[in-house]
Amino acid sequence: MDVLGIIPARFASTRFPGKPLTDINGKTMIRRVYEQASASGLSEVIVATDDDRIFAHVQEFGGKAVMTAEHHQSGTDRCFEAYKLHNKPYEYIINIQGDEPFIKPEQIDLVASCFNRPNTQLATLVKKITTEEELFNTNAPKVVLSNSGDALYFSRQAIPYCRNVPQDIWHKQHTYYKHIGIYGYRADILEQITQLPPSALELAESLEQLRWLENGYKITTALTEFETIGIDSLEDLEKVREFWS
Numbered sequence: 001m002d003v004l005g006i007i008p009a010r011f012a013s014t015r016f017p018g019k020p021l022t023d024i025n026g027k028t029m030i031r032r033v034y035e036q037a038s039a040s041g042l043s044e045v046i047v048a049t050d051d052d053r054i055f056a057h058v059q060e061f062g063g064k065a066v067m068t069a070e071h072h073q074s075g076t077d078r079c080f081e082a083y084k085l086h087n088k089p090y091e092y093i094i095n096i097q098g099d100e101p102f103i104k105p106e107q108i109d110l111v112a113s114c115f116n117r118p119n120t121q122l123a124t125l126v127k128k129i130t131t132e133e134e135l136f137n138t139n140a141p142k143v144v145l146s147n148s149g150d151a152l153y154f155s156r157q158a159i160p161y162c163r164n165v166p167q168d169i170w171h172k173q174h175t176y177y178k179h180i181g182i183y184g185y186r187a188d189i190l191e192q193i194t195q196l197p198p199s200a201l202e203l204a205e206s207l208e209q210l211r212w213l214e215n216g217y218k219i220t221t222a223l224t225e226f227e228t229i230g231i232d233s234l235e236d237l238e239k240v241r242e243f244w245s
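Residue numbers are given in the working numbering: position 155 of the sequence shown equals residue 155, and the series is strictly consecutive.
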């Protein structure tokens, strides 16, 4: 299976400008993500950026990069432009978050394996929630699954509501899943979803994947045991530096 890995990387960030180029114990964040992705079974990995500094840096360490427009509102849109600019046909594309230097190659391969299932359009990962804190953390989107493992809904709230059960033991009464933000797309589906306008559910929850569900697309999921750590602030960065020290 030929699968292209794309790492969207913006320099301009409201909470953390220049994040992709920040140093994590001797290597930049974007380099660490690139090396993790390159250790997977992907056919090729490229960085999709809108910044000359990131583009030059990726080339300096021997990576591949393409320059994309500044106006993109999501990593999905940036991935699609990068795929078109890359000018090499792939049937499947994996969108790897540029701020998760701990992403495991096995997780990337797990997403890719979802396309071995018949009729998979989109794919992502989920992880079982084991603590009350994680369940009620609105920064950690939850996923409701069908019996076949397709995503029914994503929410920042804990869904379903466990009636007549104290909230501190909800996670013991029902299996809840956290969304791990890596996406796989069939190339033709990626083109289609980038043409969709923002949806009501997406705007309510601020979760892009709800736009796809609301328009009838299916998102296949695979279960991972590994956590990922996104870096959204300087405080997150310090924790990550301690891990790599």
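Heads up, the beta-carbon is just placed ideally off N, CA and C, and yes, glycines get one too.
So what does DSSP say about Arg78, is it helix, strand or coil? The sequence position of residue 78 within the sequence shown is 78, counting from 1. DSSP places Arg78 in helix when its eight states are reduced to three.
Could you tell me the boundaries of the beta strand (DSSP E) in which His179 lies? Here residue 179 corresponds to residue number 179 of the sequence shown, with the count starting at 1. Start and end: Tyr177 to Arg186.
Nearest candidate by alpha-carbon position, reference Glu248, set Asp188, Ser148, Pro197 and Leu125: No statement about residue 248 is possible, as the shown extent of the chain runs from 1 to 245 and does not include it.
Using CA coordinates, which residue listed in Ile229, Glu214 and Glu208 is at the minimum distance from Ser74? Here the question's residue 74 lines up with position 74 in the sequence shown. Checking every option, the nearest Cα to that of Ser74 belongs to Glu208.
Reference Thr138; option with closest CA among Lys128, Ser148, Phe154 and Asn147: Taking the first residue of the sequence shown as position 1, residue 138 is located at position 138. Of the listed residues, the one whose Cα sits closest to Thr138 is Phe154.
Give me the DSSP bridge partner(s) of Tyr153. Here residue 153 is taken as the residue at index 153 of the sequence shown, counted from 1. Partner(s): Val144.
Quick one: what does DSSP say Asp99 is sitting in, helix, strand or coil? Position 99 of the sequence shown, counted from the first residue, corresponds to residue 99. If DSSP states are grouped into helix, strand and coil, Asp99 belongs with coil.
Leaving out five residues before and five after Arg31 in sequence, what residues of the same chain have Cβ atoms less than 7 Å from its Cβ? In the sequence shown, counting from the first residue as 1, residue 31 sits at position 31. The residues are Phe61.
Ala65 and Phe55 look like a contact to me (Cβ under 8 Å); what is the Cβ gap, rounded to whole Å? The residue given as residue 65 occupies position 65 in the sequence shown. The residue given as residue 55 occupies position 55 in the sequence shown. Indeed, because the Cβ distance is near 5 Å, the residues count as touching under 8 Å.
From which residue to which residue does the alpha helix (DSSP H) around Glu202 run? On the sequence shown, residue 202 is found 202 positions in, with the first residue counted as 1. Unbroken alpha helix (DSSP H) run through Glu202: Ala200 to Glu205.
Which residues in the same chain have their Cβ closer than 6 Å to the Cβ of Leu263, if we skip the five residues on either side of it in sequence? The structure shown has nothing for residue 263, since the chain only spans 1 to 245.
Going by beta-carbon coordinates alone, are Ile6 and Ile103 separated by less than 9 Å? Against the sequence shown, residue 6 aligns to sequence position 6. Against the sequence shown, residue 103 aligns to sequence position 103. No, they are not a contact pair.
What is the DSSP secondary structure of Glu70, counted as helix, strand or coil? To locate residue 70, count along the sequence shown from 1; it is residue 70. Coil at Glu70, not helix or strand.
With a threshold of 16 other CB atoms inside 10 Å of the CB of Met1, please say whether the residue is buried or exposed. Translated into positions along the sequence shown, residue 1 becomes position 1. Answer is exposed; the Cβ neighbour count stays below 16.
Kindly list the residues whose CB is nearer than 6 Å to the CB of Gly181, restricted to its own chain and excluding five residues on each side of it in sequence; keep chain order. Here residue 181 refers to the residue found at position 181 when the sequence shown is read from its first residue. Gln97, listed in sequence order.
Own chain partners of Gly230 with C-beta closer than 6 Å, once the 5 adjacent residues on each side are dropped: For the purposes of this step, residue 230 is identified with residue 230 of the sequence shown, where counting begins at 1. If we look at Gly230 and ignore the five residues flanking it on each side, its Cβ neighbours are Asp99 and Glu100.
Beta-carbon within less than 6 Å of Pro72's beta-carbon, same chain only, minus the 5 sequence neighbours each way: which residues are those? On the sequence shown, position 72 is the one that residue 72 refers to. According to the sequence shown, residue 72 is His rather than Pro. These residues qualify, in order along the chain: Arg78.
Glu202 classed as buried or exposed, judged by whether at least 16 other C-beta atoms fall within 10 angstroms: The count along the sequence shown starts at 1 and reaches residue 202 at position 202. Its Cβ being crowded by 16 or more others within 10 Å, Glu202 is buried.
What's the call for Tyr161, buried or exposed, on a 16-neighbour Cβ count within 10 Å? Here residue 161 refers to the residue found at position 161 when the sequence shown is read from its first residue. So Tyr161 ends up on the exposed side.
Which value, in whole angstroms, describes the spacing of the CA atoms of Ile108 and Leu223? Counting from 1 along the sequence shown, the entry for residue 108 is found at position 108. Counting from 1 along the sequence shown, the entry for residue 223 is found at position 223. Taking the straight line from one Cα to the other gives about 12 Å.
Asn164 classed as buried or exposed, judged by whether at least 16 other C-beta atoms fall within 10 angstroms: Numbered from its first residue, the sequence shown carries residue 164 at position 164. Classification for Asn164: exposed.
Let me confirm a value: Arg211 is counted as buried when at least 16 other C-beta atoms fall within 10 Å, else exposed. Which label applies? As a working mapping, residue 211 is identified with position 211 in the sequence shown. Result: buried.
Measuring alpha carbon to alpha carbon, tell me which of Tyr217, Lys178, Tyr176 and Lys142 ends up nearest Thr194. Mapped onto the sequence shown, residue 194 falls at position 194. Among Tyr217, Lys178, Tyr176 and Lys142, the Cα nearest to that of Thr194 is on Tyr217.
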